[in-house]
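To start, the structure under review is shown below, and the notes come after it.
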Amino acid sequence: MIVVGILAAAPATATQHWLTNSSGFQIEISDTDIVATRAGRPVFSAREAAQADFNQTAHQADGAMVRIERKISVISIAGPYLSLRDEAYVELTPSAHPGGETRFWTIDLRLNGTKPNPKADGLNAIGAGRSVDLRKLVGDIPLARALSQDSFVKAAGGAGATTLDDIHDALASGMSATADQCYFVPTDWTMRSAIFGVEGSQLHARLGLPGAGTCRYRLTQLGLSIPISPFLHRLIGTVKVPSVGIKPVSITLGADAGR
Amino acid sequence: MLDGLASADLNTAIRKYQTDVLKSLSPDGRVDAGGGTIAGLLRSAEPSAANGLFGTQRATLGPTTRVATIEDLYKRQFGMSPPGLGVLTRAIIADPNITDIRWAAYMLATAWLETKFTFQPIDEDGKGSGRDYGDGETYTDTKGIKHENVYYGRGYAQITWLKNYLTNGKAIGVDDQLAIDPSKALDPAIAYQLMSQGMRKGTFTGVSFSHYIVGTKCDYFNARRIINGTDRATEIANTAESLEVVLRVAVL
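In structure tokens, the structure reads:
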């Protein structure tokens, strides 16, 4: 059996670098990767996570050639929570059309390793074992209250909603309300979040709803301002964001990676 | 009385089903996505069902199936009235090759996602911008004439790339006309033929309905492999289950 390694295309000369610390983790953004370490030991690598996701997709592809292009950027590092924006293009050959999506993704760096979920489909596999669910982070009722204040949720008919189920239903029934909207509400919708800041006792976050079908790379963002407990406030501490000009890390894996 | 209408009688029947079969204390006459009524109806739809109403996978759509009933049930279940549902449903009903009601449900579920829930054959948003295929490609026909087009996603199945326009165009009998003018894939009749042929014959990925939905086997999750790996497989499978109920109620 011949095992062929697949090398990701990467720029030859470094052009960007950003380094910060948070809750005992060091976060480093380079041209080729986003890496988190603790006491010098790596606990997260965007490239490794993308590779694990690629391996799972290839494993499930029934012999089809797989190509995945990722553009991953850091939104923030808030205590142990690393928030990312992740745009993925997935091409299987043969297939009717490409797939992929854009999503927010917050990782709890305290949890171990990159753990693809073997039961998950497509890109939901990546980091599934350590993704933060906003429901668990802030609670169902505060999350529902915050969502009901978002203008997009209000327009979808969720203004008076008091539960997450009601908000989910309002968003789902508004999926084709107007021609310029294009989103859908996936089963893991509360796990598609990013932390944008903390102001007083309020956590500012966003939930990202992916596009559907023809608009698969669109990201519809719901803005949230949620009261948080003193414990969570202390855990998050100061929210750090990358310097202006730091670009997404591009990772291309698979068939004809360099093209 | 089985009149094929989403009438007060049907609503009463659903309430009765909820009370008698599901033992619900608060029957509401609704068949909501992910709800207990759907789950119950789907259990009833198993091939071994003895009631004869939801029968087996052999239950099929036909000339007497009322499209208005399907549209009305869809609105009840999904809370919206998509503009293209009637046209696409009529095309499925008229297609003698669709011999399994579950194929119809899965085709509708595919179009549901691929067309932004409109059930209309539409262009891909952005038309491939930022992707390799968005730069366009040249096709040279048998007369040596060059045709420069962007082969982005179009139609119910959002076929993309020149090779798909060529092979699937030939499969539905229009030779290379889709490679010459890919906008023809937006014509509802052609878009339907592309989806039907591709899913029945496996011309998109090499696998077809017969691999996943045949006899007593019904694997809606992996049926996505007919189109594109497991991209959005869970959501499409859930929708196919709901649509299967809609169709089965409609053909009663």
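As you go down the protein sequences, you meet chains A and B in turn.
Residues in the first sequence are numbered consecutively from 14, following our numbering.
Residues in the second sequence are numbered consecutively from 636, following our numbering.
Cβ coordinates follow ideal geometry from the N, Cα and C atoms, glycine included.
Note that this is a predicted model, so its numbers are computed, not measured.
- Taking A/L216 as the centre and dropping the five residues before and after it, the same chain places the C-beta of I239 and I241 closer than 6 Å to its C-beta, in chain order.
- A check of alpha carbon separations from B/W747 across B/S845, B/L887, B/K762 and B/R867 identifies B/R867 as the nearest.
- Each residue's CA atom was taken as its position, placing A/T28 and A/D46 some 12 Å apart.
- At the C-beta level, B/G864 and A/A74 come within 7 Å of one another.
- Put simply, the CB of B/N857 is far from chain A, with every gap to its CB atoms at 7 Å or more.
- When only Cα atoms are considered, B/E772 and A/L220 end up about 37 Å apart.
- If the five residues before and after B/N857 are omitted, its C-beta is found closer than 6 Å to the C-beta atoms of Y847, all from its own chain and listed in chain order.
- Taking a cut-off of 8 Å on C-beta distances, the segment 226–240 of chain A touches the segment 754–772 of chain B, as three or more cross pairs fall below it.
- DSSP places B/M715 in no beta strand (DSSP E); its state is neither H nor E.
- Two segments are said to touch when three or more pairs of C-beta atoms, one from each, lie closer than 8 Å; by this definition the segment 87–99 of chain A does not touch the segment 164–180 of chain A.
- In the structure shown, B/N803 adopts helical secondary structure according to DSSP, grouped into three states.
- Excluding residues up to 5 positions away in sequence, V103 lie with their Cβ nearer than 6 Å to the Cβ of A/G112 in the same chain.
- Under a 10 Å Cβ-count criterion, A/F244 is classified as exposed, with fewer than 16 other Cβ atoms of the shown protein chains found around its own Cβ.
- Not a single CB atom of chain A sits nearer than 7 Å to the CB of B/N784.
- Cβ-Cβ distances below 8 Å link A/S161 to K167, G171, A172, G173, A174, T175 and I180 in the same chain, with the five nearest sequence neighbours on each side left out; the list follows chain order.
- Segment contact: the segment 790–804 of chain B against the segment 825–835 of chain B, three or more CB-CB distances shorter than 8 Å; contact assigned.
- At the C-beta level, B/I825 and A/A109 stay beyond 7 Å of one another.
- Annotation for A/F38: A49, R51 and L122 place their beta carbon closer than 6 Å to its own, counting only its chain and skipping 5 residues before and after.
- Counting of Cβ neighbours within 10 angstroms places A/D182 among the buried residues, the total reaching 16 or more.
- Rounded to whole angstroms, the gap between the alpha carbons of B/L723 and B/Q755 is 8 Å.
- Under the DSSP assignment, A/R247 falls in the alpha helix (DSSP H) whose first and last residues are P243 to I249.
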